[in-house]
Structure formats: structure tokens, C-alpha cells
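Trainee: Residue numbers (our numbering): 19 to 421.
Glycine included, each C-beta is placed from N, C-alpha and C at the ideal position.
Bear in mind the structure is a predicted one, so any value in this text is a computation, not a measurement.
Quick one: the structure is below, and I'll ask about it shortly.
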């Protein structure tokens with residue numbers, strides 16, 4: 019087949035799928051949530067990491083819907099507390115103690131659950147751990163345990179409880195991952211890698227189920243931003259606020275009830291994840307996005323009216339990013355807007371990037387992208403860049419000191 023004709027056919031097919039998907043999404047949007055939800059009354063729902071945090075809240079939400087909750091946690095006391103709270107509210111729950119990093123304990127868990135409760139129809143792989151250390155500071159044992167709990171346990175748990183779902187062509191497997199499974203973060207190498215693996219596990223499993231034509235067995239991957247739980251005590255993020263665990267738990271249950279394949283929280287993460295796909299090479303903007311999404315940079319991005327850039331104030335702190343890197347960010351921002359069919363216009367308000375030690379005002383003027391920069395080292399500088407190509411822009415920087 020002619021290569022151009024083949025490309026045209028693939029393009030038309032892609033457009034067709036996009037239209038169909040958009041129509042489906044629009045119809046779902048119009049139908050109220052309560053009419054799209056499946057009934058989970060008397061379904062057996064197994065939740066790992068149910069002793070606290072999101073796991074506890076998810077279990078309580080399912081119990082309110084009439085599900086039978088199987089609570090699995092390594093902390094017997096806290097898990098018992100979750101069970102008591104459910105029973106007091108009139109729900110049904112039973113606790114099991116298990117170290118998910120131990121394959122033999124998972125086998126024993128499956129036998130106990132099947133004999134005392136029954137076959138699991140909804141499996142929520144929620145348990146997770148984080149060390150929060152730099153790569154070279156992480157011990158081999160800590161790295162291995164992170165993977166055993168955050169990733170390998172998903173394999174063992176799913177492999178144990180999935181066969182019964184396949185036999186009945188009815189069930190749901192939920193993988194609680196993280197936005198760290200989409201953006202690598204400094205200081206979280208083991209955690210990010212384990213979550214990347216969890217995201218890949220869910221996608222591959224979903225494709226296998228589709229190939230097996232087991233349409234009654236659903237999968238959902240959950241990728242939240244940092245949540246206000248004990249795992250992330252001390253994390254600060256000015257760009258995107260930390261999520262409330264109640265909000266995350268509600269959205270997880272909603273995703274299961276509506277058979278949602280991918281859940282990212284907050285919703286802006288869908289856009290940020292898509293924007294990352296437009297960046298075909300490492301760039302300063304990509305690094306900035308990674309820092310923003312992982313809460314490692316304290317900055318605000320806002321638009322302002324013409325003339326306000328003259329009100330810049332130099333700040334005493336040392337520079338975090340050099341001028342060339344910021345130029346790369348400017349060009350990448352412009353290119354990303356073009357790829358998203360959102361061209362910047364000459365009359366656009368200034369885009370201000372304001373961080374601890376520098377402030378940039380960016381505005382397109384004709385074929386150039388003009389930036390005014392204030393920082394502690396160079397004072398007020400003017401950057402005028404050609405926007406036709408990133409390489410040309412970076413090679414023609416004009417930095418005029420106006421101090």
C-alpha cells in the first residue's frame with residue numbers, strides 16, 4: 019500500500035476514534051452519576067492498606083454501599099479499628115493481617131479469605147510505602163521492599179484473586195498508583211519506579227483482558243497527586259495543593275462504580291500528563307513541569323496586564339535557574355501552545371513566571387518572543403528570541419544589563 023495512503027487511512031481512523039470517544043464522554047457527562055453507577059451490594063471487596071489513610075476511607079465508603087469489606091493490613095491494631103468503625107455504622111467487614119511483601123503470607127491470606135468470606139469480586143491494591151531518600155542513600159533492602167509492596171504485591175494479589183473473576187466474567191481490579199508513576203521525582207527514585215511499574219501493570223492487564231474478551235472484568239488505575247496522609251508528612255506544594263484523603267477516597271469509589279479506566283487527581287493532571295507527551299526531547303520546560311507536579315518548586319505562574327513588568331523587584335536569593343534555561347522554558351512554552359493549537363497572540367497579556375530569586379515577563383511580539391528578566395545577579399535584563407526554532411533562539415540571546 020502506498021505509504022501516503024496508509025498514513026491517510028490511519029489519520030482518518032484516529033479522527034474517527036477521537037470523535038467516538040468524545041461523543042461517549044459527552045453522553046456520560048450528561049447522565050447523572052447515580053444512574054451510571056453499578057450496584058456493589060453484597061459484593062466482596064478486598065482492600066489492602068485498610069488500616070489507615072485512603073484504604074480506611076475507601077473501605078468505609080464501600081461498606082456504606084452494602085459491600086462486604088475484606089480488610090488487609092500489616093498493622094493488626096489499626097486494621098481492627100477500621101473494622102470497628104464499619105461495624106458501628108452497620109456495615110460488614112472482616113480483618114486479615116498480612117505482610118504483602120511476603121509471597122507465602124499472600125497465599126495463606128487467599129485461603130483464609132476464600133474459606134471464611136468467599137470469592138473476591140473487587141480487588142483494590144492500595145497498600146504502599148515510601149522511603150523518601152535519595153537514590154544513593156537508599157539501602158538495597160529498602161529499595162527491594164518498596165518494589166515488593168508497591169508493585170510485586172499487585173502481581174501476587176491479582177494472580178491469586180483474578181482467576182475466579184475470569185471464571186464468572188465479573189470483577190474489578192483497582193491499582194492505586196500515583197502521579198509519581200508518570201513524572202519522575204528527585205529523591206523518590208525507588209518510589210517513582212515502583213509506581214511507573216504499577217501503571218504499566220494495569221495497562222498491560224487491561225489489554226490482556228480485552229484480548230481474552232473478558233469484558234465483565236474491569237480495571238482502574240488511580241494516579242493521585244500528593245495526599246495529606248502519613249506517607250507524605252512534610253511535603254509542601256504551592257503550585258498544586260495537597261489532596262484531602264476523603265476527596266481521593268470518594269473519587270476512587272466513584273471510578274470503580276462507573277468503570278473508569280484511568281483516574282488522575284486533581285483533574286489538571288490530565289492536562290499536564292498530556293502536555294508532557296508533546297515534549298519530544300528533554301527541555302527546561304519538562305524539568306519545570308516535573309518540579310511543579312511533584313511539589314519541589316515554589317513558584318506561581320500568572321498573567322498580568324501590559325506595563326506591570328516594570329514593577330519588578332530584584333530578590334536577594336541566589337539564582338535557581340540560569341538565563342539560558344529560562345529562555346528554553348520560554349521557547350518550549352510557545353512551542354507547546356502551538357502544538358495544542360493555542361497560538362499566542364501579539365495582544366496577549368504578559369506571562370509572568372515568578373520564583374524565589376527571579377521573575378520573568380514573556381510576551382510574543384511579531385516573530386520574536388520578548389522576555390524581561392529580573393534577578394539578583396544581572397538586575398533587569400532584556401531577552402529577545404526568535405521563536406522559529408529552539409536552537410536558533412538559544413544562540414541569539416541578547417542580555418542587556420539596565421542597572
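In chain order, which continuous runs of the beta strand (DSSP E) of length 3 or greater are located wholly inside the region 31-108?
Mentor: 62-66 and 86-91
Trainee: What does the Cβ neighbour count give for residue 31, buried or exposed, with the cut at 16 atoms within 10 Å?
Mentor: exposed
Trainee: If contacts are defined as beta-carbon pairs under 8 Å, then residue 280 and residue 239 qualify, I think. What distance do you get, rounded to the angstrom?
Mentor: About 6 Å separates the two Cβ atoms, so the contact holds.
Trainee: Taking 9 Å as the threshold (C-beta atoms), are residue 125 and residue 107 in contact?
Mentor: Going by C-beta atoms, residue 107 is not nearer than 9 Å to residue 125.
Trainee: Secondary structure at residue 135, three-state DSSP: helix, strand or coil?
Mentor: coil
Trainee: Should the region 283-293 be called in touch with the region 82-93, which here means at least 3 C-beta pairs below 8 Å?
Mentor: no
Trainee: What residue range is occupied by the uninterrupted alpha helix (DSSP H) comprising residue 247?
Mentor: Element bounds for residue 247: n/a, residue is neither H nor E.
Trainee: Name the two residues that bound the continuous beta strand (DSSP E) containing residue 193.
Mentor: 189-194
Trainee: Can you find at least 3 beta carbon pairs, one from the region 151-167 and one from the region 208-228, that sit closer than 8 Å?
Mentor: yes
Trainee: Given this structure, state the Cα-to-Cα distance separating residue 182 from residue 56, to the nearest angstrom.
Mentor: Their backbone Cα atoms lie some 20 Å apart in a straight line.
Trainee: Looking at residue 267: is its Cβ nearer than 9 Å to the Cβ of residue 78?
Mentor: yes
Trainee: Please classify residue 61 as buried or exposed, where buried requires at least 16 neighbouring CB atoms within 10 angstroms.
Mentor: Burial is judged here by how many other beta carbons sit within 10 angstroms of a residue's own beta carbon; residue 61 has at least 16 and is buried.
Trainee: Please report the distance separating the alpha-carbon of residue 270 from that of residue 76.
Mentor: 7 Å
Trainee: For the alpha helix (DSSP H) that contains residue 282, what are its first and last residues?
Mentor: That residue, residue 282, is in no alpha helix (DSSP H); its beta strand (DSSP E) goes 280-283.
Trainee: Quick one: does the C-beta of residue 49 sit closer than 8 Å to a heavy atom of the ligand NAD?
Mentor: With respect to small molecules bound, the structure shown includes none, and the ligand NAD cannot be examined in it.
Trainee: Below 6 Å CB to CB, which residues in the same chain sit around residue 163 once its five sequence neighbours on both sides are set aside?
Mentor: 119
Trainee: How is the alpha helix (DSSP H) around residue 169 delimited, first residue to last?
Mentor: It is not in any alpha helix (DSSP H) - residue 169 carries neither H nor E in the DSSP assignment.
Trainee: Does residue 259 come within less than 9 Å of chain D when only Cβ atoms are used?
Mentor: Absent from the structure: chain D. Only one protein chain is present.
Trainee: Helix, strand or coil for residue 179? Go by DSSP, reduced to three states.
Mentor: helix
Trainee: Quick one, which of 160, 259, 159 and 111 has its alpha-carbon nearest residue 136's?
Mentor: 111
Trainee: Per DSSP, which residues does residue 261 bridge with? Please list them.
Mentor: 245
Trainee: In chain order, what residues of the same chain have a beta carbon less than 6 Å from the beta carbon of residue 116, not counting five sequence neighbours either side?
Mentor: Annotation for residue 116: 90, 123 and 127 place their beta carbon closer than 6 Å to its own, counting only its chain and skipping 5 residues before and after.
Trainee: May I ask you to list the residues that DSSP assigns as paired with residue 14?
Mentor: Shown here, the chain extends from 19 to 421; a query on residue 14 therefore has no answer.
Trainee: For my contact list, residue 188 and residue 139 are in at a C-beta cut-off of 8 Å; report their separation, rounded to the angstrom.
Mentor: 6 Å
Trainee: DSSP three-state call for residue 358: helix, strand or coil?
Mentor: Reliability fails at residue 358, whose pLDDT of 47 lies under 50, so the model's placement of it is uncertain and no value is given.
Trainee: Which residues share a DSSP beta bridge with residue 290?
Mentor: Answer by DSSP bridge pairing: none, since residue 290 is not bridged.
Trainee: Quick check on DSSP: helix, strand or coil for residue 148?
Mentor: Coil at residue 148, not helix or strand.
Trainee: Put residue 154 into one of helix, strand or coil per three-state DSSP.
Mentor: helix
Trainee: Within 10 angstroms of the Cβ of residue 74, are there 16 or more other Cβ atoms? Answer buried if so, exposed if not.
Mentor: buried
Trainee: Alpha carbons only, please: which of 206, 258, 190 and 207 is nearest the one belonging to residue 232?
Mentor: 190
Trainee: Buried or exposed: residue 224, going by 16 or more other Cβ atoms within 10 Å of its Cβ?
Mentor: buried
Trainee: From the DSSP output, in three-state form, read off residue 307 for me.
Mentor: Legend: pLDDT at residue 307 = 46, less than 50; position of this residue unreliable, no value from coordinates given.
Trainee: With the cut-off set at 9 Å, would you say residue 220 and residue 193 are in Cβ contact?
Mentor: Result yes, Cβ atoms of residue 220 and residue 193 sit closer than 9 Å.
Trainee: Using only alpha-carbon positions, find the residue among 72, 84, 216 and 67 that is nearest to residue 95.
Mentor: 67
Trainee: Less than 9 Å separating the beta-carbons of residue 151 and residue 205?
Mentor: yes
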